[in-house]
């Protein structure tokens, strides 16, 4: 039987496939996927589950409906306006903790943005490692238009787009298109041909071909060295870091497969997971594999990729 884990939690859906790809779907299309208390609680629970799972290797964040997310729910904002300072701090902390959880997930995160993304939704995009967007997508930091500020998302957004762009768009609240978002660094790629799903699958397959522990360490590395002064302390730290990774189990397997021109064990596992069994017991090849390619074709593809890497001079 097909191994698939699906949790229908109404406003947020979670699906984990056999490969370990966890797809989180915002599911309030009638409300433009607006963010409210229940939404935050459910998404926090899902991220906590993913963080503690040894099976999940990639996270995909997407939304049902025409818009990614219109930002904060109007009823939620109306209720928070009645709170005192202490209650408002507690309320804001739930969203702040959610952003931190998404930003610090140890696995690669990929967001697919279509239509409108406003306010807090731009925090979700900024916390993800890769963001794909349709050409007709549009974005806005709308908080100032109602007398608020994008406070809890600001560390992640400014890390993505820089202080200069934040000065303009945080203060103006104006809309900007996908091309502008790409130029600013909010969006990684504008998908002009084909579907977002196809483009996302290409990214997912790329992540699955890489060492899971190495990608987790790479994320820690980026967080650790960003905006740090390059001094002897940092030089020594990075040297120790790569030395530790080289002698790790995954590092040794990666180097061995590289020089032996074979598929590393972690890639073999994801390829095996792409072969599923239907309920009648028959084999179904290519489940979850881009372009319907079968398992053997993908093995050859990974092998060819390794051979190409072998021919390239690399500092390992």
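Residue numbers (my numbering): 31 to 346. Positions of the beta carbon are idealized from the N, C-alpha and C atoms, including for glycine.
Worksheet entry | Uninterrupted alpha helix (DSSP H) stretches inside the segment 111 to 193 (no shorter than 4 residues) | Counting only runs of at least 4 residues, the segment 111 to 193 fully encloses the following alpha helix (DSSP H) elements, listed from N- to C-terminal order: 115 to 133 and 150 to 157.
Discussion item. What residue range does the beta strand (DSSP E) around residue 102 cover?
Written reply: It is not in any beta strand (DSSP E) - residue 102 carries neither H nor E in the DSSP assignment.
Worksheet item: How many whole angstroms separate the CB atoms of residue 97 and residue 145, which I take to be in contact at a CB cut-off of 8 Å?
Response: Contact check for residue 97 and residue 145: beta-carbon distance about 4 Å, within the 8 Å limit, so the pair qualifies.
Discussion item. On a Cα-Cα basis, can you pick out the residue from 136, 127 and 65 that is closest to residue 82?
Written reply: 136
Item to complete: Consult DSSP for residue 43 and reduce its assignment to one of helix, strand or coil.
Response: strand
Worksheet item: Is the segment 39 to 46 touching the segment 71 to 78 in the sense that three or more CB pairs, one from each, lie closer than 8 Å?
Response: yes
Worksheet item: Who are the Cβ neighbours of residue 113 in its own chain at under 8 Å, not counting the five residues just before and after it?
Response: Closer than 8 Å at Cβ, skipping near neighbours: 121.
Worksheet entry | alpha helix (DSSP H) segments (min. 4 residues) lying fully within the segment 58 to 109 | 67 to 81
Discussion item. Starting from residue 351, trace the beta strand (DSSP E) in both directions and tell me its first and last residue.
Written reply: Since the first and last residues shown for the chain are 31 and 346, residue 351 lies out of range.
Fill in: From 80, 56, 90 and 118, residue whose alpha carbon lies closest to that of residue 101
56
Discussion item. My assumption, with CB atoms under 8 Å, is that residue 238 sits in contact with residue 300. Please give the rounded CB distance.
Written reply: 4 Å
Worksheet entry | For residue 250, the first and last residue of its enclosing alpha helix (DSSP H) | Counting along the chain, the alpha helix (DSSP H) containing residue 250 begins and ends at 242 to 255.
Fill in: Residues bridged to residue 207 (per DSSP)
168
Worksheet entry | the segment 195 to 213 in contact with the segment 223 to 230 per 3-pair CB rule at 8 Å | no
Discussion item. Within 8 Å, do at least three Cβ pairs link the segment 184 to 198 to the segment 233 to 249?
Written reply: Too few Cβ pairs lie closer than 8 Å, so no.
Discussion item. Considering only DSSP beta bridges, list what residue 220 is partnered with.
Written reply: 163
Worksheet item: Ordered along the chain, which non-local residues of its own chain (more than five positions away) have a Cβ less than 7 Å from that of residue 149?
Response: 101, 102, 171, 172, 173 and 180
Fill in: Residue closest to residue 246, alpha-carbon to alpha-carbon, out of 63, 107 and 139
139
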